[in-house]
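Enquirer:
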Ligand code: AMP
Ligand code: MG
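In this note's numbering, the protein residues as written are 24 to 215.
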């Protein structure tokens, strides 16, 4: 039987990693063990090795062809992992690059991963802007709320196209300020 593959997406700063980690911790206490894999980390292993980027936030500025080559390598590695156990992939529906929105899961990555569910973590643009401004650990892009909202719109569109191509369901999970536990509950309810 095929292991479950869950793809968790959201614009940078929405809290996708946090919500996913919390959900995975609780689910593992219940005996449901997903392996959580971060797509960006798998890409950064390659980018750093090749001397293309010295921090993960530089990767989205690389030439799109380079990003796609590394993306494909990461996708293949994660697809291999999904043969061993259920996986939750922490990634992006689209990546905002200087040359436009890069699909996080172009066809050649999507078909290898073959997800069952695509989660889109969202909140209001102004909340995301505030979260980015207070995140010292990352080099987050500072954008207007309108531009963040546009990115979220594109993410929904891309996520649904992933659903159309694979039959995956697409679930929108709200991660509003102060309500992270609600987001965790909502995420867990579709993973159980
Ligand atoms: P994150 O830590 O989730 O913000 O990811 C760090 C970086 O990894 C992103 O800014 C992108 O450059 C890259 N990345 C993550 N997932 C993907 C993907 N599916 N396709 C292309 N690039 C990705
Ligand atoms: Mg993240």
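Beta carbons are placed, not taken as given, at the ideal position from N, Cα and C, and that holds for glycine.
From what residue to what residue does the beta strand (DSSP E) around residue 125 run?
Expert: Looking at the DSSP string, the run of the beta strand (DSSP E) that includes residue 125 is 123-126.
Enquirer: Express the C-alpha separation of residue 24 and residue 157 in angstroms, rounding to a whole number.
Expert: Going from the Cα of residue 157 to the Cα of residue 24 covers about 44 Å.
Enquirer: Between the beta-carbon of residue 62 and the beta-carbon of residue 98, is there less than 9 Å?
Expert: Cβ distance < 9 Å, so residue 62 and residue 98 count as in contact.
Enquirer: Please give me, in chain order, every unbroken run of the beta strand (DSSP E) with length at least 3 that falls completely inside the stretch 120-206.
Expert: Those beta strand (DSSP E) runs which fall completely within the stretch 120-206 and span 3+ residues are 123-126, 140-145 and 192-197.
Enquirer: Hey, how far is the Cα of residue 143 from the Cα of residue 31?
Expert: Rounded to whole angstroms, residue 143 to residue 31 spans 6 Å at the Cα level.
Enquirer: Go ahead and label residue 178 buried or exposed: buried means 16 or more other beta carbons lie within 10 angstroms of its beta carbon, across all protein chains shown.
Expert: So residue 178 counts as buried.
Enquirer: To the nearest angstrom, report how far apart residue 145 and residue 151 are at their CA atoms.
Expert: For residue 145 and residue 151, the distance between alpha carbons rounds to 9 Å.
Enquirer: Let me check you understand the geometry: is the CB of residue 83 closer than 8 Å to at least one non-hydrogen atom of the ligand AMP?
Expert: For the ligand AMP, at least one heavy atom lies less than 8 Å from the Cβ of residue 83.
Enquirer: Determine the closest residue to residue 202 out of 54, 37 and 113, with distance taken between C-alpha atoms.
Expert: When each option's Cα is compared against that of residue 202, the closest is 37.
Enquirer: How would you write the range of the beta strand (DSSP E) that residue 243 sits in, first residue to last?
Expert: Outside the modelled stretch of the chain, which goes from 24 to 215, sits residue 243, for which no answer is possible.
Enquirer: Would residue 207 and residue 28 qualify as a contact pair, given that the criterion is a beta-carbon distance under 9 Å?
Expert: Result no, Cβ atoms of residue 207 and residue 28 do not sit closer than 9 Å.
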